[in-house]
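If you're matching positions, the sequence shown starts at 11 in my numbering and goes up one per residue.
Glycine included, C-beta positions come from ideal geometry on N, C-alpha and C.
All of these numbers come straight from a predicted model, not from anything done at the bench.
A quick write-up on the structure given underneath.
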Amino acid sequence: IQEHLASRVRRTRLTKPVEFVAGTDVSYDAARGVYTAGIVVLRADTLETVEEQTARGRTPFPYVPGFLSFREIPPLAKALAKVRTRVDLLIVDGQGIAHPRRLGLASHLGLLAQIPAIGCAKSRLCGAHREPGQKRGSSVSLKDERTDEEIGRVLRTRDGVAPLYVSVGHLITLPEAEKWVLRLANRSRIPEPTKRADQLVGRERRALS
């Protein structure tokens, strides 16, 4: 399934201005086997939150490295279906094409929604890279060790903090993805849409406990 869907991923330039950008997050209660998914939509220029949506349910798929999207797509799709604002760009807490079969969570969700998507992960799933410089904005290529293909960028969003792993999800180019992640991570290491989605999910989980 991943190999089939990966052939449909498009690394193309954005075709319209980005007015609304959405961040995503999913959290799991292992004891109860349930998930909470959250999507927060922001204005791209002011970072004002304009909409929040959540979804809850039974965990649909076990955690298997490399197959995260099969676990997180169902809850995220439920939350995304509730969103009323037109989303121009998705920032996904996971990989895009920086994946062994070129179909991480961001690519899978971008394909499903047909919305430009960026994978912005806190850790590396595959590929090799040098250490980027210590200053904000420093980045280096993340390359497939077998083919030498550039599958992402390793980007420092704050001086001296651990870098993020940025890759194309769908309907965007890698330079555009890197630019948007840096622009949206102007207040902390993590892009603001992702950070607010994480905060939303945390509030929802606490409310249920």
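Are the CB atoms of Leu174 and Thr183 nearer to each other than 7 angstroms?
-> Taking the first residue of the sequence shown as 1, we reach residue 174 at position 164. Taking the first residue of the sequence shown as 1, we reach residue 183 at position 173. Contact: no.
For Ala172, name the three-state secondary structure that DSSP assigns.
-> Within the sequence shown, the letter at position 162 stands for residue 172. Correct three-state label for Ala172: coil.
Closest Cα partner of Arg146 within the set Leu165, Ala131 and Glu160 = Taking the sequence shown and counting its residues from 1, the one referred to as residue 146 is at position 136. When only C-alpha atoms are compared, the closest one is Leu165.
Straight-line gap, Arg206 to Val36 (C-alpha atoms, nearest Å) = Counting from one through the sequence shown, the residue named residue 206 turns up at place 196. Counting from one through the sequence shown, the residue named residue 36 turns up at place 26. Rounded to the nearest angstrom, the two C-alpha atoms are 12 angstroms apart.
Any chance you could list the beta strand (DSSP E) runs of at least 3 consecutive residues sitting entirely within the segment 47-93, in chain order?
-> 59-68
Could you check where the beta strand (DSSP E) with Val191 kicks off and where it finishes?
-> What you label residue 191 is simply residue 181 of the sequence shown in a count that begins at 1. Counting along the chain, Val191 falls outside any beta strand (DSSP E), though it belongs to the alpha helix (DSSP H) covering Leu184 to Leu194.
Along the chain, where does the alpha helix (DSSP H) that runs through Ala116 open and close?
-> In the sequence shown, residue 116 corresponds to position 106, counting from 1. Where Ala116 is concerned, the enclosing alpha helix (DSSP H) stretches over Leu115 to Ala123.
Leaving out five residues on either side along the sequence, give the residues of the same chain with a beta carbon under 8 angstroms from the beta carbon of Gly67.
-> Residue mapping note: residue 67 aligns to position 57 of the sequence shown, counting from 1. These residues qualify, in order along the chain: Val44, Tyr45, Pro84, Pro85 and Lys88.
Distance between Leu99 and Phe77 (C-alpha atoms, nearest Å) = Taking the first residue of the sequence shown as 1, we reach residue 77 at position 67. Taking the first residue of the sequence shown as 1, we reach residue 99 at position 89. Approximately 23 angstroms, taken between the alpha carbons.
Environment of Glu82 [buried if 16+ CB atoms lie within 10 Å] = Walking along the sequence shown from the start, residue 82 turns up at place 72. Its Cβ being crowded by 16 or more others within 10 Å, Glu82 is buried.
What's the C-alpha gap between Arg163 and Leu192?
-> As a working note, residue 163 is residue 153 in the sequence shown. As a working note, residue 192 is residue 182 in the sequence shown. Arg163 and Leu192: Cα-Cα distance of roughly 12 angstroms.
Go ahead and pull the three-state DSSP assignment for Leu99.
-> The residue you call residue 99 lines up with position 89 of the sequence shown. Three-state DSSP puts Leu99 in a strand.
Since Glu160 is in the beta strand (DSSP E), which residue starts that stretch and which ends it?
-> The residue given as residue 160 occupies position 150 in the sequence shown. From DSSP, the beta strand (DSSP E) with Glu160 extends over Glu160 to Leu165.
Between the beta-carbon of Ser117 and the beta-carbon of Val19, is there less than 7 angstroms?
-> Within the sequence shown, the letter at position 107 stands for residue 117. Within the sequence shown, the letter at position 9 stands for residue 19. A contact, by the Cβ cut-off of 7 angstroms.
Same chain, Cβ closer than 7 angstroms to Leu15, five either side skipped, listed in chain order | As a working note, residue 15 is residue 5 in the sequence shown. Counting only Cβ-Cβ distances below 7 angstroms, and skipping sequence neighbours, we find Leu113, His118 and Leu121.
Around the Cβ of Ile200, are there at least 16 other Cβ atoms within 10 angstroms (buried) or fewer (exposed)?
-> Position 190 of the sequence shown holds residue 200. Ile200 should be labelled buried.
Secondary structure at Ala108, three-state DSSP: helix, strand or coil?
-> Here residue 108 refers to the residue found at position 98 when the sequence shown is read from its first residue. In this structure, Ala108 counts as coil in the three-state DSSP scheme.
Is it true that the CB of Leu194 sits closer than 7 angstroms to the CB of Glu202?
-> The count along the sequence shown starts at 1 and reaches residue 202 at position 192. The count along the sequence shown starts at 1 and reaches residue 194 at position 184. The answer is yes: Cβ separation under 7 angstroms.
Bridge partners of Gly33, per DSSP?
-> The residue labelled residue 33 in the question sits at position 23 within the sequence shown. DSSP, once it has assigned bridges, lists Val50 and Ile101 as partnering Gly33.
Ile49 to Gly33, Cα distance in whole Å?
-> The residue labelled residue 49 in the question sits at position 39 within the sequence shown. The residue labelled residue 33 in the question sits at position 23 within the sequence shown. For Ile49 and Gly33, the distance between alpha carbons rounds to 6 angstroms.
Strand pairing of Cys149, partner residues [DSSP] = Along the sequence shown, one-based indexing puts residue 149 at 139. Sequence check: residue 149 is Ser here, not Cys. Leu165, per the DSSP bridge assignment.
Looking only at its own chain, which residues have a Cβ that is under 8 angstroms from the Cβ of Ile107, when we skip the five neighbours before and after it?
-> Position 97 of the sequence shown, counting from 1, holds the residue named residue 107. Cβ within range, chain order: Ala16, Val19, Arg21, Leu113, Gly114, Ser117, Gly129, Ile161, Gly162, Ser177, Val178 and Gly179.
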